[in-house]
Amino acid sequence: MGARYDLESQLKDIDVPVILFENVSKEYQSGIPALKNVNIEIRKGEFVFIVGNSGSGKSTLIKLMLREIKPTSGRVYVAGKLLDKLRKWQVAKFRRKLGVVFQDFRLLPDRSVFENVAFAQRVIEAPTREIQRQTPRMLAMVGLADKYKAMPKELSGGEQQRVALARALVNNPVILLADEPTGNLDPKNSWEIMRLLEEINRRGTTVVVVTHNREIVDQMQKRVITVKNGIIVSDQKGGYAYAKNQYSSI
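In terms of the working numbering, the sequence shown is residues 68 to 317.
What follows is the structure, given as structure tokens:
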């Protein structure tokens, strides 16, 4: 299987999984299983929601994709890499292929909007000329070109999340992982963020969104992976309503 899924040179092929879980289980030190024999394939360019109640295993899936943790058994491949084989120095390089957005924005409070986005490029030692070119372009894409001098505390929650999106996208990631990206936002700002994610996906980035927001999931009609008690109980296109029999308690 390792040879078959040496994906890095094949990622332009939409039929090759850009995220692959093979019989993945995860137990934490408490001995309680967080995931049980999970199999997932996500192709390049897909937009996928991961839904489920608290403690269902959604956060564990994201942590495995980011290589924050390793599976107890099974294999996880992301962006062409078998993650449990990566050495420490390789993990940072691997993560450059990913954009990540969190519920709590995680902006640097003492840096301007421009510097928050530029920081992601400085980490990978991008040339100054590239930073000066890319940062304004990304801020324009998320509708914040005129806010480049502002500090995070001067922005609304929706604006802060758009800065976080610009920062996640500035290095042209293969995959964007969004963990409850609308969790701290009102409905209007939530839909603005989701429209941006959809536009990002149309431009070719694979988007994976963990969310509790049933209205968004139902209306957007994307692929939905439903997790319950560490098990994938549904994986199909549509909203929550499509799998209500499997997860009536969610």
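We treat Cβ as the ideally placed atom computed from N, Cα and C, and that holds for glycine.
Of all the options the options, which has the alpha carbon lying nearest to the alpha carbon of residue i?
i, options, result
"VAL85", "PHE169, THR273, PRO248", "THR273"
"GLU113", "LEU206, ASN120, ARG269, GLU182", "ARG269"
"LYS152", "ARG163, GLY166, ILE136", "ILE136"
"LEU232", "GLU282, GLN157, PHE169", "PHE169"
"SER97", "PRO176, ASN90, THR139", "THR139"
"GLY147", "LEU174, LYS111, ASN120", "LYS111"
"SER123", "VAL275, HIS279, ALA193", "HIS279"
"ILE198", "GLN157, ALA185, LYS155, LYS125", "ALA185"
"ALA245", "ASN106, LEU264, GLN227", "LEU264"
"GLU182", "LYS160, MET205, GLY166, PHE161", "MET205"
"LEU175", "VAL105, ALA159, ALA207, GLN228", "GLN228"
"PRO240", "ARG154, PRO254, LYS160, ILE99", "LYS160"
"MET208", "PHE172, GLU266, ASN251, LEU252", "GLU266"
State the beta-bridge partners of residue i as determined by DSSP.
i, result
"GLY224", "GLY224 pairs with nothing; no bridge assigned."
"LYS295", "ILE298"
"GLU94", "PRO100"
"VAL360", "Within the shown structure, residues of the chain are numbered from 68 to 317, placing residue 360 beyond reach of any answer."
"ARG262", "Answer is none; ARG262 lacks a bridge partner."
Ignore the nearest five residues each way along the sequence and tell me which others in residue i's own chain have a CB closer than 7 Å to its CB.
i, result
"MET218", "SER179"
"ARG163", "ILE191, ASN238"
"GLU259", "GLY225"
"ILE109", "PRO84, VAL85, ILE86, VAL115, THR273, VAL275"
"GLN201", "GLN188, VAL237"
"GLY271", "GLY112"
Please work out which residues of its chain come closer than 6 Å, Cβ to Cβ, to residue i, disregarding the five sequence neighbours upstream and downstream, and give them in chain order.
i, result
"LEU150", "ARG134, VAL143"
"SER315", "Any answer about SER315 is weak, because its pLDDT of 46 lies below 50 and its placement is not dependable; what the coordinates show is given next. The answer is none, since no qualifying residue turns up."
"VAL145", "ILE86, MET132"
"MET261", "ILE283"
"LYS130", "ILE136"
"LYS216", "SER179"
Span of the beta strand (DSSP E) holding residue i?
i, result
"ASP177", "Here ASP177 belongs to no beta strand (DSSP E), and DSSP marks it neither H nor E."
"LEU128", "It is not in any beta strand (DSSP E) - LEU128 instead sits in the alpha helix (DSSP H) that spans 125–132."
"VAL167", "165–169"
"ARG142", "140–145"
Residue range of the alpha helix (DSSP H) that residue i falls in?
i, result
"ASP285", "281–287"
"VAL209", "Premise fails: VAL209 is in no alpha helix (DSSP H) and is neither H nor E."
"VAL237", "Taken as a continuous stretch (DSSP letters only), VAL237 belongs to no alpha helix (DSSP H), as it is neither H nor E."
Excluding the 5 residues preceding and the 5 following residue i in the sequence, name in chain order all residues of the same chain whose CB lies nearer than 8 Å to its CB.
i, result
"SER126", "ASP246, VAL277"
"ALA101", "LYS93, GLU94, TYR95, GLY124, THR127, GLY297"
"ILE292", "ILE107, VAL115, PHE116, ILE117, VAL118, ILE299, SER301, ASP302"
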